[in-house]
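Chains as they are written, first to last, in the numbering used here: chain C, 1 to 202; chain P, 1001 to 1202; chain Y, 2001 to 2202; chain B, 3001 to 3202.
A virtual CB, placed ideally from N, CA and C, is assigned to each residue, including glycine.
Remember, predicted model here, so these are calculated numbers, not experimental data.
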DNA sequence: ATCTAACCGAGACGGTACGTCACGTCTTACA
DNA sequence: TGTAAGACGTGACGTACCGTCTCGGTTAGAT
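As structure tokens, this is what we get:
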């Protein structure tokens, strides 16, 4: 689970008050917003800790105090958006459940700031194992995919175990975006969904 | 097609001699080897143009003269290896053709230096459009995949158009490696191959 | 007037505190000392900004932050020494006043580190107008010469205006050192002083 | 004595022909002209061996084959001009002989390309002993000054030995130009000449 | 109403890689 | 052999960002 600011413990108790000046919520938000904006404006590579601090109007030390790397900031900035963008309403039709998800995923990966962030992080993960771990624990794709699979499973008796089924479902879409930069057309997504469903129903 | 040193045109003519001292083949090879070694030793992120030059025992300017970025060097260093590692011998059995390829791809992506390089480049491509373009023109995965699909197509009448079929085939494997860092087991690969073949044969 | 670190304004007020970490006096001194040492050890030409920083155990940016060129550092490092070395005590005898000054000047130019620095700067000034300006504003020779001239003027009614008188006094000594690298002997200095005094007394 | 291209031995014989391709006079002249031009166009500091070669349309190695440093080229390029510009016609009047020389010297140092070169070399000599030696052997100022002194000596019985007299004569002018960048006015030159003559006649 | 401790901004610090430039040497083909 | 061309290894250039540190100042709860 990702760090959440002033996270409330799940009992009825609140966090014990610490001495000293409390963390500035304004500074935190300024940093997250700065990261969001800069990602689309200058791109991941040109985004620096120094630049983020200046853009956020925040001291450099304040950034380092709460996050070690720009990947951490980016993850915190996008994970909630990602989750909501990848959640599709339940449909009666299994094929429609899959298609809706594939469309949402494609839009997420190609059009959304959160998706752009996810791709940047996934890219960084190929260079830096820590980022990969960060990304795995946040589970951005796995969770929403699982929900969709659970909806479909009742009518897909031949569906393989979750891990493979998930990667069969979103793998082609993700690979397509990562390698070419753009997604599949809606009609190809439909073909893909039908393919899988046919195979899983066997 | 990637730059090839002293590339001989395919006719009987050779390249016209340019004035001045010719490029040093030794320096070129030293750089490519240095990049190969450093990628596995220190990783992509810690690899710098300066470090490459020093490791290769080569002037910094010499590196910049022939390559703009470490991505270019890496691509030139790995593209041939990649192609050969992803080429599987033709089999009589369609399912075996697919499985062999999926196994080779998984080993390439998880075990081979060239595959490590490819992943690093694909990661960098998420940060830098120029790297993506470089990677697209080199076509590392597309070409070998196409060969396998062509072998299978005669017995797979429902196989969709090439682009989608290719991404259905290698997408799950690639996605799995990129997101988790490790590949699918052989038995899951077999299941995946069977799934696809079943769907494509209907 | 040359920049002086943390220069206190001459009233009772101090400089208003600037935000951020204050400049490190230790780093400033380390740079000035490094420059002093390196000038005599390796010479002006072989002295580089990089070398100065390393010798001083200081970051390169820290040097550039406070000085643009090695000439500036050198000037700041030597101007105070120069002034004190060129200041001779007042004598009753006019001829002795001149001679003492000429001797001090010769020793300064040929034997003192500060004088070595001055010659290097004067040399650089022939290549770079900015250095000349720097040197003019610092007024290394003009001021001490003026003091001596003022002492002598009462008994030298024919002494020309200051600029010419000064250059008549120190010009031969300076020219001798610059062109040959070594100074005039004491007896020639005496002859020179007598010559001038005779002409100025007319 | 400075190197002179294809210097003819003083007997009636010509130099024995050496084997191989003879040195290109065109290349030599191109280099000297390039140096002349670049000195006034970009200044001494910005003049590089590489730039000289390119400007002259000459190979880099060709420059290095015949000269080690830009100082050597500059000296060869300007020494003849310097000598002729500093030679004044003999006058009957001693004071006029001095004044003419001082004026010529001032114009040389402030207005002539050859004088600019001389100042640059003298500047460089403060950083590099080899350049000083080069400059001393070429004797740019000493020789013409000596000629003038010899003309004046008959009517100046108190003139000190040559070295001091020369430096008394030209030192103030040289010092003035080196320190301020501009020369003394004609009327000050006149005053200076009179001063010296008065002292030397006593 | 202090006191104290952790926060905040600003910015200098020692490092290090960046991409460029010139150095002086070398290796070609040609004259 | 001399020449123009140009690649070579070397190393300084001035800039940018790294992550740390040191200031003055702020903001709370505890005394």
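- Contact annotation for residue 2198 of chain Y against chain B: 3158, 3198, 3199, 3202 [CB-CB distance below 9 Å, chain order].
- With a threshold of 16 other beta carbon atoms within 10 Å, residue 1050 of chain P falls short and is exposed.
- Note that the C-beta distance between residue 197 of chain C and residue 156 of chain C is below 9 Å.
- As the crow flies, the alpha-carbon of residue 3114 of chain B is around 22 Å from that of residue 2177 of chain Y.
- In terms of beta-carbon proximity, residue 3146 of chain B stays away from the interface with chain Y, with every pair separated by 9 Å or more.
- Separation of residue 2085 of chain Y and residue 2042 of chain Y (C-alpha to C-alpha, rounded to the nearest whole angstrom) is 23 Å.
- Considering only beta carbons, the part of the segment 1171-1192 of chain P lying closer than 8 Å to chain C consists of 1171, 1172, 1173, 1174, 1175, 1176, 1178, 1179, 1180, 1181, 1184, 1188, 1191, 1192, in chain order.
- Taking residue 3168 of chain B as the centre and dropping the five residues before and after it, the same chain places the C-beta of 3160, 3196 closer than 8 Å to its C-beta, in chain order.
- Just so you know, the alpha carbons of residue 2151 of chain Y and residue 2192 of chain Y end up roughly 17 Å apart.
- Taking the CA atoms as reference points, residue 3163 of chain B sits about 19 Å from residue 3099 of chain B.
- The beta carbon of residue 2062 of chain Y sits no closer than 9 Å to any beta carbon of chain B.
- Apart from sequence neighbours up to five positions away, the residues of its chain that approach residue 3149 of chain B with a beta-carbon distance below 8 Å are 3159, 3162, 3165, 3166, 3169, ordered along the chain.
- In the structure shown, the three-state DSSP call for residue 1144 of chain P is helix.
- In this structure, the beta-carbon distance from residue 34 of chain C to residue 62 of chain C does not fall below 9 Å.
- Contact annotation: residue 2107 of chain Y and residue 2181 of chain Y have beta-carbon atoms that are not nearer than 9 Å.
- Boundaries cannot be given for residue 3067 of chain B, as no alpha helix (DSSP H) includes it and DSSP labels it neither H nor E.
- Between residue 3071 of chain B and residue 3134 of chain B, the gap from beta carbon to beta carbon is short of 9 Å.
- A check of alpha carbon separations from residue 2079 of chain Y across Y:2147, Y:2201, Y:2143 identifies Y:2143 as the nearest.
- Within the segment 3104-3132 of chain B, the residues whose Cβ lies closer than 8 Å to any Cβ of chain Y are, in chain order, 3119, 3120, 3122, 3123, 3124, 3125, 3126, 3127, 3128, 3129, 3132.
- If you ignore the 5 residues before and after residue 102 of chain C, its C-beta comes within less than 7 Å of the C-beta of 173, 189, 192, 193, all in its own chain and listed in chain order.
- In the three-state DSSP reduction, residue 3180 of chain B falls in the helix class (H, G or I).
- Per the C-alpha coordinates, the member of P:1032, P:1147, P:1022 positioned closest to residue 1091 of chain P is P:1147.
- Put simply, the CB of residue 3076 of chain B is far from chain Y, with every gap to its CB atoms at 9 Å or more.
- Within chain P, the residues whose beta carbon sits less than 7 Å from that of residue 167 of chain C are 1172, 1175, 1176, listed in sequence order.
- Looking only at P:1127, P:1093, P:1052, P:1109, the smallest Cα-Cα distance to residue 1074 of chain P is reached by P:1052.
- Per DSSP, the unbroken alpha helix (DSSP H) holding residue 3055 of chain B starts and ends at 3049-3056.
- Among the residues facing chain C, residue 1153 of chain P is not included, as its CB has no counterpart in that chain under 9 Å away.
- Classified as buried, residue 3044 of chain B has 16 or more neighbouring CB atoms from the shown chains inside 10 Å of its CB.
- At a beta-carbon threshold of 8 Å, none of the residues of chain Y lie near residue 3071 of chain B; the nearest stands roughly 11 Å away.
- The alpha carbon of residue 2060 of chain Y has as its nearest neighbour, out of Y:2129, Y:2030, Y:2017, Y:2116, the alpha carbon of Y:2030.
- At a beta-carbon threshold of 8 Å, the residues of chain B lying near residue 2164 of chain Y are 3172, 3184, 3188, 3191, 3192, ordered along the chain.
- Contact between residue 3179 of chain B and residue 2122 of chain Y holds, with the beta-carbon distance rounding to 7 Å and staying under 8 Å.
- In this structure, residue 55 of chain C places its C-beta atom within 9 Å of the C-beta atom of residue 38 of chain C.
- When the beta-carbon positions are compared, residue 3131 of chain B and residue 3069 of chain B come within less than 9 Å of each other.
- In the structure shown, the three-state DSSP call for residue 133 of chain C is helix.
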